[in-house]
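These protein sequence lines are chains A and B, in that order.
Residues in the first sequence are numbered consecutively from 1, following this note's numbering.
Residues in the second sequence are numbered consecutively from 1, following this note's numbering.
Where a beta carbon is used, it is the ideal one built from N, C-alpha and C, also for glycine.
Have a look at the structure below, then the notes.
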Amino acid sequence: MSWEHFIYFAIAAVLLWATGAWGAWKDKTGMAYTTTVLGLLTFFSFILSMWISLERPPLRTMGETRLWYSFFLPLAGLVVYSRWKYKWILSFSTILALVFICVNLFKPEIHDKTLMPALQSPWFAPHVIVYMFAYAVLGAAVVMALFLLFRKKSFTSEMEITDNLVYVGLAFLTIGMLFGALWAKEAWGHYWSWDPKETWAAITWLAYLIYVHYRQLPRHRERLALWMLIVSFVLLQMCWWGINYLPSAQGSSVHTYSTN
Amino acid sequence: MWIKPWTFKEGFLIGAGLLFAGLALQLSVGPVAWDVFAWPANGIVMVGFLAIIALIFILRKKVYAFLFLGMYQAAIPAMVYAVVLTIIMGLTRQQAGGTWLNDMLSFWPFVLIYVYIAVILGVIILRRLMHLNSWKRDVPFLLNHLGLFIALTTATLGNADMQRVKMITAIGEPEWRALEQGGAIKEMPIAIELKKFIMETYDDGSPKRFASEIQILTKTGKNIETTVDVNKPYEVDGWKIYQYGYDTQMGAQSQISILELVSDPWLPLVYTGIYMMLAGAVCMFVIGGRKRV
């Protein structure tokens, strides 16, 4: 299996996810579950075959992490759907996944089989996968925030949705960060070195903590809380890929692996 | 202003006061000298810090400012300051010994804000411990907050006791001296002899594996033969031994291997905090946002 086959798997998966999204709108819950799961299986079988053919987890380059992101968005959507039954969530996760699939089709960034010794660790897959899942869920939260701020003028019950998404996202963000710390101890000798990636991970984490705490206040402004989510997600982008372009991080981050 | 109950305004002013106090300290005594916290100083500071937190908690009914420390109106501004300072840190090039913003970890305003956060954490943890009522709410709360408190304080105070040295090992010559970060030579309680340096590459020449087959002799009488790989350190007598470097001119034929030896006596405490936070995160996922009343 190679990268040329991606488009077929992608089309099949997106069609299945779209059917699932349609099913959710029409209250055909069974259909929503089945087709979304089938789509996930289709997409994952591609990831798995890449894993096998590359002889390493496809997690090294931005393109490879986008692959996981496209997979986790519908999965996160499905988890949210199964728990809170929001009709729109599957449509939304499908569209977002499609965006990332398109980015990968136009800018694949899938590389060779090489995996530098620093990445050969049992921590590699869980660390990145957990983070990608967190990013997917927090991506869902920010779209919800944008929707509430600019489309829907009055809301109260919907805030619960963003809260739930943030709690799940923050939980995974925390796990991803701490897995990273435990791995760093094994790989670099210290669990936290304030590497630019680590600094921005701490910033992102703190930013979401502010939202969570602000929302606990009995009297607070919901619009401000939603703006916090938008700012937090911008900070998250900085952590995810922004630091690659940040002058202060050039040459000082041990987290850069994709430059050949 | 300063009319009870205090609001975010007062919270932000207290934070700003700390920033100014930090600037004053930075100007008068210079950057935070973390080295002075080496054992036993860090142990004494830790005990003193816990005592101060306990005192603040006990006096909260008498001193309103202490009561205020346990409120969101204090905690949220503290986190906002921390985020802003950490963003500045993320946007500026950091180096040990840099000036002001370029060495944020020794910049007093940054340090004071994080100490302030630790104090707030301490106070709210004590309050929760005194008023336990539902394990479903209290256990996740304590795992998250106490875990962070333990990790934050022990990692910071324990840092001065961490030793990181490089040992250049050669084939056939047991080595017991190592280079400290400043370049000073340190005699180690363990001697290491390189048996074989291993370097494997992929077909395109990019590195696949760096490892050292070594023999370790310790003062405690151990005689160990093992292999140290990147990502697979070996631990003996409180020292973790890492593959660090080799003779890059010689490549796979390198007759030497540079190992890094790290000792961090506070690590078990930091890991206790980290594991508590991991458990707390799992609780957060399971319980989610449902717990609001």
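Item to check | Contacts of A:G189 in chain B (Cβ-Cβ under 8 Å) | outcome: Mapped onto the first sequence, residue 189 of chain A falls at position 189. Ordered by position in chain B, the residues that pass the 8 Å Cβ test against A:G189 are R164, P233, K240, Y242, E260, V262.
Item to check | Ranges of the alpha helix (DSSP H) found wholly within the region 46-121 of chain B, counting only runs of at least 4 | outcome: 64-68, 72-91
Checklist entry - Is there at least one Cβ from chain B nearer than 8 Å to A:M132's Cβ? => result Locating residue 132 of chain A in the first sequence gives position 132, where the first residue counts as 1. With 8 Å as the cut-off, A:M132 does not count as an interface residue toward chain B.
Checklist entry - Out of A:A249, A:A13, A:M62, which has the shortest C-alpha to C-alpha gap to A:L38? => result One-based indexing of the first sequence puts residue 38 of chain A at position 38. The shortest Cα separation from A:L38 among A:A249, A:A13, A:M62 belongs to A:A13.
Checklist entry - Any beta-carbon of chain A closer than 8 Å to the one on B:I124? => result Taking the second sequence and counting its residues from 1, the one referred to as residue 124 of chain B is at position 124. With 8 Å as the cut-off, B:I124 does not count as an interface residue toward chain A.
Next on the checklist: For chain A, check one thing: does any of its Cβ atoms lie closer than 8 Å to the Cβ of B:T218?
Outcome noted: Translated into the one-based positions of the second sequence, residue 218 of chain B becomes position 218. Cβ-Cβ to chain A under 8 Å: no for B:T218.
Checklist entry - Quick one, which residues of the region 197-225 of chain A are near chain B if we go by CB-CB under 7 Å, in chain order? => result T199, W200, A202, I203, L206, A207, L209, I210, H213, Y214, Q216, L217
Checklist entry - What is the rounded straight-line gap between the Cα of B:V228 and the Cα of A:M62? => result Position 228 of the second sequence, counting from 1, holds the residue named residue 228 of chain B. Position 62 of the first sequence, counting from 1, holds the residue named residue 62 of chain A. Their Cα atoms are separated by approximately 30 Å.
Checklist entry - So which residues of chain B does A:M116 contact, with C-beta pairs closer than 9 Å? => result Residue mapping note: residue 116 of chain A aligns to position 116 of the first sequence, counting from 1. Residues of chain B passing the Cβ test: S206, P207, K208, V230.
Next on the checklist: Counting only beta-carbon separations shorter than 8 Å, does B:M276 have a partner in chain A?
Outcome noted: In the second sequence, the residue the question calls residue 276 of chain B occupies position 276. Not an interface residue.
Checklist entry - So which residues on chain B does A:S121 lean against when the C-beta distance must stay under 9 Å? => result Here residue 121 of chain A is taken as the residue at index 121 of the first sequence, counted from 1. Near A:S121 (Cβ distances below 9 Å), the residues of chain B are V230, N231, K232.
Item to check | Which residues DSSP lists as bridging B:G245, in chain order | outcome: Within the second sequence, residue 245 of chain B is the residue found at index 245, counting from 1. Paired residues: B:I258.
Next on the checklist: On the DSSP bridge list, what partners appear for B:W239?
Outcome noted: Here residue 239 of chain B is taken as the residue at index 239 of the second sequence, counted from 1. DSSP, once it has assigned bridges, lists B:V236 as partnering B:W239.
Item to check | Neighbour-count burial assignment, B:A51, 16 or more Cβ in a 10 Å radius | outcome: On the second sequence, position 51 is the one that residue 51 of chain B refers to. Result: exposed.
Item to check | Spatial distance of B:G245 from A:Y69 (CA atoms) | outcome: Here residue 245 of chain B refers to the residue found at position 245 when the second sequence is read from its first residue. Here residue 69 of chain A refers to the residue found at position 69 when the first sequence is read from its first residue. B:G245 and A:Y69: Cα-Cα distance of roughly 35 Å.
Checklist entry - Is any beta-carbon of chain B found at less than 8 Å from that of A:L75? => result Your numbering for residue 75 of chain A matches position 75 in the first sequence. By this cut-off, A:L75 is not an interface position.
Checklist entry - In chain order, which continuous runs of the alpha helix (DSSP H) of length 4 or greater are located wholly inside the region 123-198 of chain B? => result 135-158
Checklist entry - When the Cβ atoms of the region 14-30 of chain A are set against those of the region 207-215 of chain A, are three or more pairs found closer than 8 Å? => result no
Item to check | Local conformation of A:S53 per DSSP, three classes | outcome: Residue 53 of chain A sits at position 53 when you count from the first residue of the first sequence. A:S53: helix per DSSP, three-state reduction.
Item to check | Cα-Cα separation, A:P57 to B:F12 | outcome: Taking the first sequence and counting its residues from 1, the one referred to as residue 57 of chain A is at position 57. Taking the second sequence and counting its residues from 1, the one referred to as residue 12 of chain B is at position 12. Their backbone Cα atoms lie some 46 Å apart in a straight line.
Checklist entry - Is the CB of A:S248 under 8 Å away from at least one CB in chain B? => result Locating residue 248 of chain A in the first sequence gives position 248, counting from the first residue. A:S248 counts as touching chain B.
Checklist entry - Straight-line CA distance for A:A145 to A:S91? => result As a position in the first sequence, residue 145 of chain A is number 145, starting the count at 1. As a position in the first sequence, residue 91 of chain A is number 91, starting the count at 1. Going from the Cα of A:A145 to the Cα of A:S91 covers about 16 Å.
Next on the checklist: Cβ closer than 8 Å: which chain B residues qualify as neighbours of A:E158?
Outcome noted: As a working note, residue 158 of chain A is residue 158 in the first sequence. Going along chain B, no residue has its Cβ under 8 Å from A:E158, so there is no contact; the nearest lies around 13 Å.
Checklist entry - Cβ of B:I53 within 8 Å of Cβ of B:V123? => result Counting from 1 along the second sequence, the entry for residue 53 of chain B is found at position 53. Counting from 1 along the second sequence, the entry for residue 123 of chain B is found at position 123. Yes. Within cutoff.
Checklist entry - What does B:A155 reach in chain A if we use C-beta pairs closer than 8 Å? => result Position 155 of the second sequence, counted from the start, is the residue given in the question as residue 155 of chain B. Residues of chain A passing the Cβ test: Y191, W192.
Checklist entry - Run through DSSP, which three-state label would A:N104 get? => result Looking up residue 104 of chain A in the first sequence gives position 104. Of the three classes helix, strand and coil, the one that applies to A:N104 here is helix, per DSSP.
Item to check | Local conformation of A:F6 per DSSP, three classes | outcome: Numbered from 1 along the first sequence, position 6 holds the residue referred to as residue 6 of chain A. If DSSP states are grouped into helix, strand and coil, A:F6 belongs with the helices.
Next on the checklist: Let me confirm a value: A:C239 is counted as buried when at least 16 other C-beta atoms fall within 10 Å, else exposed. Which label applies?
Outcome noted: As a working note, residue 239 of chain A is residue 239 in the first sequence. Flag for A:C239 reads buried.
Checklist entry - If you measure from the beta carbon of B:I120 to each beta carbon in chain A, is any gap under 8 Å? => result Position 120 of the second sequence, counting from 1, holds the residue named residue 120 of chain B. No, no contact with chain A.
Checklist entry - What is the DSSP secondary structure of A:F155, reduced to helix, strand or coil? => result Position 155 of the first sequence, counted from the start, is the residue given in the question as residue 155 of chain A. The answer is coil: DSSP assigns A:F155 none of H, G, I, E or B.
Checklist entry - According to DSSP, is A:L134 helix, strand or coil? => result The count along the first sequence starts at 1 and reaches residue 134 of chain A at position 134. Reading off the sequence shown, one finds Ala at residue 134 of chain A, where the question assumed Leu. A:A134 falls in the helix class under three-state DSSP.
Checklist entry - Quick one: is B:Q181 near chain A, going by C-beta distance under 8 Å? => result The sequence position of residue 181 of chain B within the second sequence is 181, counting from 1. Output row for B:Q181: interface = no.
Checklist entry - What's the call for A:L229, buried or exposed, on a 16-neighbour Cβ count within 10 Å? => result Here residue 229 of chain A is taken as the residue at index 229 of the first sequence, counted from 1. Classification for A:L229: buried.
Next on the checklist: I'd like to confirm the pairing. Which residues does DSSP put opposite A:N244 in its beta bridges?
Outcome noted: On the first sequence, residue 244 of chain A is found 244 positions in, with the first residue counted as 1. Paired residues: none, contrary to the question.
Checklist entry - With 16 other CB atoms within 10 Å as the buried threshold, where does A:S53 fall? => result Numbered from 1 along the first sequence, position 53 holds the residue referred to as residue 53 of chain A. Burial call: exposed.
Next on the checklist: Could you check whether the Cβ of B:M188 sits closer than 8 Å to any Cβ belonging to chain A?
Outcome noted: Numbered from 1 along the second sequence, position 188 holds the residue referred to as residue 188 of chain B. Chain A contact via Cβ: absent.
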